[in-house]
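In terms of UniProt numbering, the sequence shown opens at residue 1 and continues consecutively. Glycine residues also receive a C-beta, built at the ideal position from the N, C-alpha and C atoms. Quick caveat: nothing in here was measured; it's all calculated off a predicted structure. A short write-up of the structure that comes next.
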Amino acid sequence: MAKATARHILVASEAKCNELKAQIEAGADFAEVAKANSTCPSSRQGGDLGSFGPGQMVKEFDTVVFSAPINVVQGPVKTQFGYHLLEVTSRQD
Numbered sequence: 001m002a003k004a005t006a007r008h009i010l011v012a013s014e015a016k017c018n019e020l021k022a023q024i025e026a027g028a029d030f031a032e033v034a035k036a037n038s039t040c041p042s043s044r045q046g047g048d049l050g051s052f053g054p055g056q057m058v059k060e061f062d063t064v065v066f067s068a069p070i071n072v073v074q075g076p077v078k079t080q081f082g083y084h085l086l087e088v089t090s091r092q093d
């Protein structure tokens, strides 16, 4: 069964999501940006969500996590929770 590990940053607006993505692309540390800005409890672990399989996360999240390149920040991805930046850190098919 496929498995992935990923980390994310959750914020309320697409504009904030784009602002944080620009900071990360300019060299800011993903984990530090997550700790300072993410509204998800995972922010305490730098946005780390651990390991999970297909169907364990909301559909929009799953689609990105199981198709995006590894270690490339994706987003904004809109879900019912808000706007996410996602980074797949590993994946086994």
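Range of the contiguous beta strand (DSSP E) that encloses residue i
i: glutamine 74; result: 74 to 79
Per DSSP, the bridge partner or partners of residue i
i: threonine 5; result: Ser51 and Ser90
i: glycine 82; result: Thr79
i: valine 11; result: Tyr83
Through-space distance from residue j to residue i, alpha-carbon basis
i: threonine 79; j: alanine 34; result: 17 Å
i: leucine 10; j: alanine 36; result: 11 Å
i: glutamate 19; j: alanine 26; result: 11 Å
i: serine 13; j: aspartate 93; result: 32 Å
Given residue i as reference, the closest of the options once Cα atoms are compared
i: asparagine 71; options: Cys40, Cys17 and Ala31; result: Ala31
i: threonine 63; options: Ser13, Val77, Lys16 and Thr89; result: Val77
i: histidine 84; options: Gln23, Gly47, Gln56 and Ala4; result: Gly47
i: glycine 75; options: Asp29, Lys3, Lys21 and Phe81; result: Lys21
i: phenylalanine 52; options: Gln45, Val73 and Phe61; result: Phe61
i: valine 73; options: Lys59, Gly50, Gln45 and Cys17; result: Cys17
i: glutamine 45; options: Ser67, Arg7 and Val65; result: Arg7
Limits of the alpha helix (DSSP H) - the one that residue i falls within
i: valine 64; result: 59 to 65
i: asparagine 71; result: Where asparagine 71 is concerned, there is no enclosing alpha helix (DSSP H), given that its DSSP letter is neither H nor E.
i: alanine 31; result: 30 to 37
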